[in-house]
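Enquirer: Here you go, one structure.
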Amino acid sequence: MDSASLQFLAFAFAAVLIFNFSRAVAWRQSVLLVASIGFLGFFSRRPAAFVPLVAFLLFGFLSLRLLQAGATRLFVPVLIVGITSFVWLKKYAFLPSSLYLRAPYVTLGLSYIFFRVLHLIIDARSPHTTLPRHISLVSYLNYTLNFTTLVAGPIQRYNQFASMQLAPAPLPLNLVVAAEALERIIVGIFKVNVLSLFLLMMHTSALNSLAAVHAVTGRVITTVTILAGYPFYIYCNFSGYIDIVIGIARFLRIELPENFNRPFSSQNYIIFWSRWHITLSSWLQLYVYLPLMLKSIRRWPSPAVEPFLNVFALFVTFLLVGLWHGQTSEFVFFGVLLGLGVSLTKLYQVLMTKSIGRERYTALRTGWLYSAAARGLTFTWCALTMLWFWSNWAQLGFLARSLGSRVIALVWIAVFVGASITLALWEATREWLLSFQFENQPVLSSRYVRTAWCTVLIVISVATIILLNAPPPDIVYKTF
Amino acid sequence: MNELRNNSPTQSSVAGPAGLPKRDYIRLPLVSLATILLIFGVSEILTRMIWSEHKEGSCTVVDPIAGDHFKPNCTIRTKNAEGPWTTYQYNECGYRSATSCGPKPSGAIRIAILGSSVSQALYVPYDQTYFARTASALSRSCDRPIDVQNLGVPGSSPIYAYRRVPEAIALKPDVVFYLLAPFDLEQRIDPQELAARNNPARNETSSKPAVQLTLTPMKRMQQTLVESRTVLVAQHFLFQNRDTFIRMYMLYGDKADFLRQPFTPAWQQRFADLDLIIGDMADKLRAAGIPLVVIPVPSRAEAALLSSPQLPPNVDPSAFGHQIEMIASQHGAVYVDLMAPFRDTPNSESLFYVVDGHATPDGQKVIAQILSRKLLDGSVPAFAHCTLQQNVARKR
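Protein chains in written order, with the working numbering: chain X, 1282 to 1761; chain B, 249 to 644.
What follows is the structure, given as structure tokens:
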């Protein structure tokens, strides 16, 4: 059952209806827990398949309790056991396969549970923790297994979740809030069931037809479609899923954090990652980047060295982002490229500031040509890194051999120029459209336009779902 | 990494602002409704442009007594939304035939065809029709020209097909085909018309009910939807999926009851009426020494069910064919079973226009193959001396 399927929506709305029967905390807690366990039940009918997941959850809960009870000496062992268990259960390729569990088991959502459990363990050990002193098993399970965020996030902090879920008075749910939540769901359904479906079809069809295309222009166009189409596909797929779960969670009186913020408008790769899978990069910023920076600065306390430590810390953080995405060597390389992307961007910023000064550098960055080229370059790097995200070494080898160095060079130039022009035009159009104001707000964001827009989206989505009569595309991040 | 912090919205944008102005309780649904109507309007224009339907002229002569027929020496070009442009050329008798309806050419075997749109091979170019293909195959096997006179008229009910039997006999054919599909029996034959089937003129005034000019709003809406090209295109894509098509088709009541066993009283009555008609048809032809071949053409629903690995309960896609076979054999007519070959063809529902339901050129090819084979098995005397083409080739 995928989050964009009608089945899931029906399940979610049944849960929403029951959840809102009573405002009592106990009722809300119980309904959310039953719904989350029920949701998990859709993924296997064999209770034994859930044993590893349950064991991991129990380990997390016991660790939390021990650390909250003051057993801080156990922090490092607990952390090691937690990370090792995760790596083992996710079957990372560098482990000998003889170590893997032979029987099939459910790992759905394990990656996101891992982040939540680690967040609790790390915060429980901190002397300045803001976590409550007592977290009940039900609250812990609701936080880690919440069916709206189980599959692919977003990664919410416990306090944020508990402030809404455990509040005596739940978040208000009036007509406007409900309409806005519904709007998010409709937008999400459209992104997943229509846009991402067509983009995936386009990507797959271009990939399948590449071998049959012989003319250089045809090969360039087909390869550009493959490379440039994928980031848009993954964006529509993942952000669409996020839109759906944010909308549903709001009906459950929970506000989930945003995970996307117009990432393709980013003018550098660091900004890109602050707008793409935001909760993941925020988590790593808090629990990897900041501690690493702090330790490095303490070790080498020199202002001259600090920018370069920053570059290093960014590289390590984003290498981990890549490693988290998958268990194979392709993802190690993906991580290296992510790390290189952000660290080289940082290094460039440091060097430019040093060579031409902050003011001139800022002035340069605001120029339209520089902005367009920077956006194009960011997108091109994103498309390049994603090659290791959707393919494997064999496919990459085939692509390289069949295209040849001349076509490859032309392809990347085309992606860069095309992205620079397209994204610049998109930004200009967006700005122009938003310039039409009514009652001090853009006409586009008025409720009338949004109502009409949502109607259009839902009609197109329903028509696509009915006419194609195909299952909704998988949520890509479900597998991570 | 500061940029990370500055650009990270932490909460979603579905926070609850103040309430809605009262007027918006009316306005917003109206905006939504207007948008739906606009989308429907635009999609109707677009689908009418892309899936166009045309009719250049008309050859039909409306005749409520003898049944509609075509003007002599008339040509018309039409295109339906799902099919290609088709030219219908009618000879001097108003039959869809490439040859004259005059005296039978010497040495030729003449076939007369009665029936409705399935007989006429609606929406299929002449060369690709089952009768042109059959004629061509038989001509090779018999080493003689085959002359086909197609009296089929779309929308012709069994009673109108019956009324054209004397016209068919006058052509002095060697064999008469009567093709019919389940949808030819959808409308029950008027009992008065049936009783007066041999002298229709006397019941001229009572045979047709008065045309109802006023439609209820519900009927009008239904009519609009039926005629909508958007709906047609939607159905075209939706019904390409066999399971969906079967599921939707089985939602019909009486229209789909020819598939359900046991037959409902309404369908039993229809078969009883058909039994009378085919009986009289066979008698008249027998008196003129002409054999009758009865050919039930499967509908798309039957073909889909025949290809389906699992049938809904109490559904038998062959039931209609069996019933026609029984009627035909009772009256000494030759029966051609098209069900078995459609069962053996994978995805045989693809041999029909998805929404319209008539056989496509590929479907016509299958019908022609079976028909030629059946006619050469010795059951029709006119073809007794002919040999199946592959046998001839083997002998040579």
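Heads up, the beta-carbon is just placed ideally off N, CA and C, and yes, glycines get one too.
Mind checking B/M529: buried by the 16 CB within 10 Å criterion, or exposed?
Expert: If you number the second sequence from 1, residue 529 of chain B lands on position 281. By the 10 Å Cβ count, B/M529 comes out buried.
Enquirer: Is the stretch 354-367 of chain B in contact with the stretch 318-335 of chain B, if contact means three or more CB pairs nearer than 8 Å?
Expert: No: fewer than three Cβ pairs fall under 8 Å.
Enquirer: Could you list the residues in the stretch 473-489 of chain B with a C-beta less than 7 Å from some C-beta on chain X, going in chain order?
Expert: Cβ contacts with chain X: A482, F485, L486, N489.
Enquirer: Would you kindly check if the distance between the Cβ of B/L433 and the Cβ of B/R358 is under 8 Å?
Expert: Taking the second sequence and counting its residues from 1, the one referred to as residue 358 of chain B is at position 110. Taking the second sequence and counting its residues from 1, the one referred to as residue 433 of chain B is at position 185. Not closer than 8 Å, so no.
Enquirer: Find out if the Cβ-Cβ distance for the pair B/L619, B/A581 is shorter than 8 Å.
Expert: Position 371 of the second sequence holds residue 619 of chain B. Position 333 of the second sequence holds residue 581 of chain B. Not a contact, by the Cβ cut-off of 8 Å.
Enquirer: Could you give the uninterrupted runs of the alpha helix (DSSP H) lying entirely in the stretch 1424-1451 of chain X, keeping only those of 4 residues or more?
Expert: Whole alpha helix (DSSP H) segments, 4+ residues: 1439-1446.
Enquirer: DSSP beta-bridge partners for B/K327?
Expert: Numbered from its first residue, the second sequence carries residue 327 of chain B at position 79. In DSSP, B/K327 forms a bridge with B/H302, B/W333.
Enquirer: Our contact map puts B/C307 next to B/Y343 with C-beta atoms below 8 Å; I'd like the distance itself, whole angstroms only.
Expert: Position 59 of the second sequence, counted from the first residue, corresponds to residue 307 of chain B. Position 95 of the second sequence, counted from the first residue, corresponds to residue 343 of chain B. About 11 Å; that fails the 8 Å criterion.
Enquirer: Below 7 Å on C-beta distance, what does X/A1336 contact in chain B?
Expert: Locating residue 1336 of chain X in the first sequence gives position 55, where the first residue counts as 1. By Cβ distance, chain B contributes nothing, its closest Cβ being about 32 Å from X/A1336, past 7 Å.
Enquirer: Helix, strand or coil, according to DSSP, for B/T283 in the structure here?
Expert: Along the second sequence, one-based indexing puts residue 283 of chain B at 35. B/T283: helix per DSSP, three-state reduction.
Enquirer: Cα separation between B/P457 and B/V310?
Expert: On the second sequence, residue 457 of chain B is found 209 positions in, with the first residue counted as 1. On the second sequence, residue 310 of chain B is found 62 positions in, with the first residue counted as 1. Note that B/P457 scores a pLDDT of 48, beneath 50, so its modelled location is shaky and nothing firm can be said.
Enquirer: Identify each residue in the stretch 271-289 of chain B for which the Cβ-Cβ distance to at least one residue of chain X is less than 9 Å, and report them in chain order.
Expert: Residues D272, Y273, R275, L276, P277, V279, S280, L281, A282, T283, I284, L286, I287, F288.
Enquirer: Tell me whether B/T453 is buried or exposed, calling it buried when 16 or more other Cβ atoms sit within 10 Å of its Cβ.
Expert: By one-based count along the second sequence, residue 453 of chain B stands at place 205. Note on B/T453: pLDDT 46, under 50, position unreliable in the model; no value is reported.
Enquirer: Could you please give me the residues that DSSP links to X/P1723 through a beta bridge?
Expert: The residue labelled residue 1723 of chain X in the question sits at position 442 within the first sequence. Note: X/P1723 sits in a beta bridge opposite X/Q1718.
Enquirer: Helix, strand or coil for B/L428 per DSSP?
Expert: Within the second sequence, numbered from 1, the residue matching residue 428 of chain B stands at position 180. Reduced to three states, the DSSP call for B/L428 is strand.
Enquirer: Let me know if X/F1323 comes out buried or exposed under the rule of 16 or more other beta-carbons within 10 Å of its beta-carbon.
Expert: Here residue 1323 of chain X refers to the residue found at position 42 when the first sequence is read from its first residue. Answer is exposed; the Cβ neighbour count stays below 16.
Enquirer: Per DSSP, which residues does B/F600 bridge with? Please list them.
Expert: Taking the first residue of the second sequence as 1, we reach residue 600 of chain B at position 352. Answer is B/A607, bridged to B/F600.
Enquirer: With DSSP collapsed to three states, give me the class of X/N1489.
Expert: Within the first sequence, numbered from 1, the residue matching residue 1489 of chain X stands at position 208. Correct three-state label for X/N1489: helix.
Enquirer: Please check if any C-beta of chain X sits within less than 8 Å of the C-beta of B/L268.
Expert: For the purposes of this step, residue 268 of chain B is taken as residue 20 along the second sequence, with counting starting at 1. True, the Cβ-Cβ gap to chain X drops below 8 Å.
Enquirer: Can you tell me where the beta strand (DSSP E) holding B/D395 begins and where it ends?
Expert: Against the second sequence, residue 395 of chain B aligns to sequence position 147. Taken as a continuous stretch (DSSP letters only), the beta strand (DSSP E) holding B/D395 covers 394-398.
Enquirer: Would you mind giving the Cβ-Cβ distance between X/R1556 and X/S1547, rounded to the nearest angstrom? I have them listed as a contact below 8 Å.
Expert: Taking the first residue of the first sequence as 1, we reach residue 1556 of chain X at position 275. Taking the first residue of the first sequence as 1, we reach residue 1547 of chain X at position 266. Right, their Cβ atoms sit about 6 Å apart.
Enquirer: Return no unless some Cβ of chain B is closer than 8 Å to the Cβ of X/Y1550.
Expert: By one-based count along the first sequence, residue 1550 of chain X stands at place 269. For X/Y1550, the answer is no, since every Cβ of chain B falls outside 8 Å of its Cβ.
Enquirer: Decide if B/P351 is buried, meaning its Cβ has at least 16 other Cβ atoms within 10 Å, or exposed.
Expert: Here residue 351 of chain B corresponds to residue number 103 of the second sequence, with the count starting at 1. Flag for B/P351 reads exposed.
Enquirer: Where does B/P561 land, buried or exposed, given buried means 16+ other C-beta within 10 angstroms?
Expert: Locating residue 561 of chain B in the second sequence gives position 313, where the first residue counts as 1. Per the 10 Å Cβ criterion, exposed.
Enquirer: Which term fits X/T1732, buried or exposed, when burial requires 16 or more other beta carbons within 10 angstroms of its beta carbon?
Expert: What you label residue 1732 of chain X is simply residue 451 of the first sequence in a count that begins at 1. By the 10 Å Cβ count, X/T1732 comes out buried.
Enquirer: Just to confirm my understanding: we take B/Q488, look at its own chain, exclude 5 residues before and 5 after, and list those with CB closer than 7 Å. What are they?
Expert: Along the second sequence, read from residue 1 onward, the residue named residue 488 of chain B stands at position 240. The residues are V602.
Enquirer: Consult DSSP for X/A1296 and reduce its assignment to one of helix, strand or coil.
Expert: Here residue 1296 of chain X is taken as the residue at index 15 of the first sequence, counted from 1. Reduced to three states, the DSSP call for X/A1296 is helix.
Enquirer: Along the beta strand (DSSP E) that carries B/G363, what are the first and last residues, could you check?
Expert: For this step, residue 363 of chain B is matched to residue 115 along the second sequence. 357-363 is the span of the beta strand (DSSP E), which, as asked, contains B/G363.
Enquirer: Hey, is X/Y1729's beta-carbon within less than 8 Å of any beta-carbon in chain B?
Expert: Here residue 1729 of chain X refers to the residue found at position 448 when the first sequence is read from its first residue. For X/Y1729, the answer is yes, since a Cβ of chain B falls inside 8 Å of its Cβ.
Enquirer: Compute the distance between the beta-carbons of X/T1473 and X/C1517, then report whether it is under 8 Å.
Expert: As a position in the first sequence, residue 1473 of chain X is number 192, starting the count at 1. As a position in the first sequence, residue 1517 of chain X is number 236, starting the count at 1. Per the sequence shown, the amino acid found at residue 1473 of chain X is Val instead of Thr. In contact: X/V1473 and X/C1517 (Cβ atoms closer than 8 Å).
Enquirer: Please report the distance separating the alpha-carbon of B/G289 from that of X/F1395.
Expert: As a first step, residue 289 of chain B is located in the second sequence; it is residue number 41 there, counting from the start. As a first step, residue 1395 of chain X is located in the first sequence; it is residue number 114 there, counting from the start. Taking the straight line from one Cα to the other gives about 51 Å.
Enquirer: Give, in chain order, every unbroken run of the alpha helix (DSSP H) that is at least 4 residues long and sits entirely within the stretch 1657-1704 of chain X.
Expert: Taking only runs of at least 4 residues, no alpha helix (DSSP H) segment lies wholly in the stretch 1657-1704 of chain X.
Enquirer: To the nearest angstrom, how far is the alpha carbon of B/N451 from that of B/A444?
Expert: Within the second sequence, numbered from 1, the residue matching residue 451 of chain B stands at position 203. Within the second sequence, numbered from 1, the residue matching residue 444 of chain B stands at position 196. Confidence in B/N451 is poor, its pLDDT being 48 and thus under 50, which makes the residue's placement too unreliable to answer from.
Enquirer: Would you say X/I1747 lies against chain B (beta-carbon separation less than 8 Å)?
Expert: Residue mapping note: residue 1747 of chain X aligns to position 466 of the first sequence, counting from 1. Yes, X/I1747 lies at the interface with chain B (some Cβ there is under 8 Å from its Cβ).
Enquirer: Please look up how many angstroms separate the CB atoms of X/F1660 and X/A1709, rounded, as I've assumed it's under 8 Å.
Expert: Within the first sequence, the letter at position 379 stands for residue 1660 of chain X. Within the first sequence, the letter at position 428 stands for residue 1709 of chain X. With 8 Å as the limit, X/F1660 and X/A1709 do not qualify as a contact, their Cβ atoms being about 16 Å apart.
Enquirer: Output the distance between the C-alpha atoms of X/G1499 and X/T1598, rounded to the nearest integer angstrom.
Expert: If you number the first sequence from 1, residue 1499 of chain X lands on position 218. If you number the first sequence from 1, residue 1598 of chain X lands on position 317. About 39 Å.
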